[in-house]
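Numbering (mature numbering (1 follows the signal peptide of the UniProt record, and there is no 0)), first residue to last: 172 to 801. Here's the structure we're looking at; comments come further down.
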Ligand code: AHR
């Protein structure tokens, strides 16, 4: 098959510079036990039946065990904070009696690395006060320790450093009082010193770097379904997730575990800033998940109108003040005191997630939307139209968004690869004068739901068309982003991890190739083929964009055909002969789950031939020197 691509720079159009971002949800243990670098599981002893977990033995003792004759119980009298009601009481009669945390399937440490220990402690009874805290291997060897001294006169936060003397994949953190007595502990925490950008209470460096390498223009958080929760009581409340860790209010996670909210709104905003991405918080529209099944609030219920809803609306407004207000404002001061005096420059706020477009939803959405528009006209509100599928009320959602003139609406679809291949014109007819689109969740789901070249190429093809339509599609994010091996509720995900490694999938690489090669101008092209079979039209994709900052011209070529394509590029004056290029290619059989891209450098000419392997995705970046006018 031969295909000739002739770009028409005279017809170029501006497209959204924020097109490629990421969707972060605490699903699949993506936060606690994942991106959030805390190594201790259930540090606050707040796991409870309310979490509706899938695990045996769930409760305040989960991930904790005792050694020797130690007895572990839990109390709530005189807690360190009302939001963190439970604490552990450890009774020991002799040295060697201990309690230990088993982390998230073990605690992984590296020889020579420093770990930051902190805990709240107090003596309940007994004469000794010294407690050794040690990293211990499965066979009982200590590989690093520190000693803290507990106060008799009430709770105190104690800090120490532990240096690991050996590498271990599944150590425990043992708490070993030196003398008989009763000891109280809460918020027992161990962090690697080495976090992403060295932040305290920070993020796991390897996972954060994998996300940063996607070059996301924005990060959506905290979900997904986590944002609107399972019943009204489970709606994610951002105010519970900022401030000192011991004062944050952990909660049941709709994916049936516990979220400590140690990775809370401050940390999300900080992460965005560290990556140069826009924060995109999504807040519930005053209604919980329409699929709520165990929250007891019923499917159609929303926050009661009147006082409760007014307070909820105020929470939304307060978030904007918290993010953007200066130190003289009430919530701006809270942010400044937490360590970020400068505003975070929030631009987007999502209201609602994939909600049923019921009267209950519409009423509450409008109240929030009107309040934000009135107080913060510069904030772009992103509405929701519900999920797109045969028979869904997606059209109805669009009608409502248009009536209200919502600037951007969030669409979600998880479809088979064939859907993406056959619906490449999805946005062609979208009204350019109506609301813009945030394709907030999407993925190609092949039977059995693997990530392979079939899913990756179908998305790569579709994204050539998303770039073509990026005058109406402003933002997009593949979902979900990440999953912890052995704790996965949803698949496929873009990356899979355990305590020491990350596996990047074919879908990840496609997103990275787009994120690192996004543009601000789209250059339409005429495509001609020597073979007019429908397959060729459907399964060959091209997109030419230009990045204004570098001046680079970027050509994406997708060949999802089972045969090679000889591609002729007629670039004319867009490049000079001999313009240096970076070329990134990924190829593999449709069932290949391990394909990875590789990069080469070379040059490109005004008329350039390039052979595209069967089932391949190629990105050519013609470096500055482009003669295309700015
Ligand atoms: O991405 C996983 C889930 O899919 C999200 O939480 C939800 O919004 C959607 O149904």
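Ideal placement from N, C-alpha and C gives every residue a C-beta, glycine not left out.
field: Paired residues, beta bridge with residue 714 - DSSP
entry: Its beta-bridge partners are 727.
field: Distance cut-off 7 Å: residue 654 Cβ against heavy atoms of ligand 1
entry: Not so, every heavy atom of ligand 1 lies at least 7 Å from the Cβ.
message: Using a Cβ-Cβ cutoff of less than 8 Å, which residues in the same chain neighbour residue 217 once the five nearest sequence positions on both sides are dropped?
response: Once the five neighbours on either side are set aside, the close Cβ partners of residue 217 are 231, 255, 256, 257, 421, 429 and 431.
task: Could you tell me the distance, in whole angstroms, from the CA atom of residue 758 to the CA atom of residue 631?
output: Between residue 758 and residue 631, the C-alpha separation is close to 12 Å.
query: Mind checking whether the beta-carbon of residue 583 lies closer than 7 Å to any heavy atom of ligand 1?
result: At least one heavy atom of ligand 1 is nearer than 7 Å to the Cβ of residue 583, so yes.
message: Along the chain, where does the alpha helix (DSSP H) containing residue 570 start, and where does it finish?
response: 565-575 is the extent of the alpha helix (DSSP H) around residue 570.
query: Any chance the CB of residue 395 is under 7 Å from a heavy atom of ligand 1?
result: Checking every heavy atom of ligand 1 against the Cβ of residue 395, one is found closer than 7 Å.
query: How many Å lie between residue 352 and residue 558 at the Cα?
result: Between residue 352 and residue 558, the C-alpha separation is close to 57 Å.
field: Limits of the unbroken alpha helix (DSSP H) element including residue 352
entry: Segment 352-363 is the beta strand (DSSP E) holding residue 352; no alpha helix (DSSP H) there.
query: If you count every other CB in all the chains shown that lies within 10 Å of the CB of residue 386, and 16 or more means buried, which is it?
result: Counting the other CB atoms within 10 Å of its CB gives residue 386 a total of 16 or more, which places it among the buried residues.
query: Comparing alpha-carbon positions, which option in 289, 267, 325 and 503 lies nearest residue 209?
result: Closest by alpha carbon: 289.
query: Of the residues 639, 249 and 627, which one's Cα is nearest the Cα of residue 650?
result: Considering only alpha carbons, the answer is 627.
- prompt: Roughly how many angstroms separate the alpha carbons of residue 549 and residue 541, rounded to a whole number?
  reply: In this structure, the CA atom of residue 549 is about 13 Å from the CA atom of residue 541.
- prompt: When every heavy atom of ligand 1 is checked, does at least one fall within less than 7 Å of the C-beta of residue 314?
  reply: Relative to ligand 1, even the nearest heavy atom lies 7 Å or more away from the CB of residue 314.
field: Status (buried if at least 16 other CB within 10 Å, exposed otherwise) for residue 468
entry: A caution first: residue 468 carries a pLDDT of 48, below 50, which makes its placement in the model unreliable, though a value can still be read off. Under this definition residue 468 is a buried residue.
message: Buried or exposed, going by whether 16 or more other CB atoms sit within 10 Å of the CB of residue 249?
response: Classification of residue 249: exposed, given that the 10 Å Cβ count is below 16.
- prompt: Helix or strand or just coil, what does DSSP make of residue 682?
  reply: Three-state DSSP puts residue 682 in a helix.
query: Looking only at C-alpha atoms, which of 259, 355 and 190 sits nearest to residue 295?
result: Closest option to residue 295, Cα to Cα, is 355.
message: Measuring only the C-alpha atoms, how far is residue 579 from residue 610?
response: Residue 579 and residue 610: Cα-Cα distance of roughly 10 Å.
- request: Identify, in the order they occur along the chain, each residue of the same chain with its Cβ nearer than 8 Å to the Cβ of residue 322, setting aside the five sequence neighbours on each side.
  value: Excluding residues up to 5 positions away in sequence, 292, 293, 294 and 300 lie with their Cβ nearer than 8 Å to the Cβ of residue 322 in the same chain.
query: Based on Cα-Cα distance, which residue from 348, 358, 325 and 304 lies nearest to residue 333?
result: Taking the Cα of residue 333 as reference, the smallest distance to any Cα among 348, 358, 325 and 304 is reached at 304.
query: If you follow the alpha helix (DSSP H) that residue 396 is part of, which residue opens it and which one closes it?
result: Residues 396-399.
Beta-carbon separation (whole angstroms), residue 457 vs residue 483, contact threshold 8 Å: About 6 Å separates the Cβ atoms of residue 457 and residue 483, confirming a contact at the 8 Å cut-off.
- request: Compute the Euclidean distance between the alpha carbons of residue 316 and residue 656, then round it to the nearest angstrom.
  value: So the two alpha carbons sit approximately 29 Å from each other.
field: Check whether residue 629 and residue 597 have beta carbons under 8 Å apart
entry: No. Outside cutoff.
field: Where residue 459 falls, given that 16 or more other Cβ within 10 Å makes a residue buried
entry: Answer is buried; the Cβ neighbour count reaches 16.
- request: Kindly list the residues whose CB is nearer than 7 Å to the CB of residue 605, restricted to its own chain and excluding five residues on each side of it in sequence; keep chain order.
  value: Excluding the 5 residues flanking it on each side, residue 605 has same chain C-beta neighbours closer than 7 Å at 573, in chain order.
N-terminal and C-terminal residue of the alpha helix (DSSP H) that residue 779 is part of: Counting along the chain, residue 779 sits inside no alpha helix (DSSP H); it lies in the beta strand (DSSP E) bounded by residues 778-783.
message: Whole angstroms are fine: how far does the CA of residue 398 sit from the CA of residue 581?
response: Each residue's alpha carbon lies about 14 Å from the other.
- prompt: Which runs of the beta strand (DSSP E) fall wholly inside the segment 408-454 and span at least 3 residues, in chain order?
  reply: DSSP runs (the beta strand (DSSP E)) wholly in the segment 408-454: 422-424, 428-430 and 449-454.
- prompt: Measuring CA to CA, which of 501, 594 and 490 is closest to residue 547?
  reply: Residue nearest to residue 547 within the set 501, 594 and 490 is 490 (criterion: CA-CA distance).
- prompt: Using a Cβ-Cβ cut-off of 8 Å (strictly less than) and excluding sequence neighbours within five positions of residue 320, which residues of its own chain qualify?
  reply: Counting only Cβ-Cβ distances below 8 Å, and skipping sequence neighbours, we find 300, 301, 302 and 329.
- request: Flag this pair as touching only if the segment 766-777 and the segment 632-643 have three or more C-beta atom pairs under 8 Å; answer yes or no.
  value: In short, these stretches do not touch, since the Cβ pair count stays below three.
- prompt: Are residue 194 and residue 612 touching if we call contact CB-CB under 8 Å?
  reply: Taking 8 Å as the cut-off, the beta carbon of residue 194 is found closer than this to the beta carbon of residue 612.
query: Between the segment 706-714 and the segment 758-769, are three or more C-beta pairs nearer than 8 Å?
result: The segment 706-714 and the segment 758-769 do not touch, with fewer than 3 CB-CB distances between them shorter than 8 Å.
query: Any heavy atom of ligand 1 within a distance shorter than 7 Å of the CB on residue 346?
result: For ligand 1, not one heavy atom lies less than 7 Å from the Cβ of residue 346.
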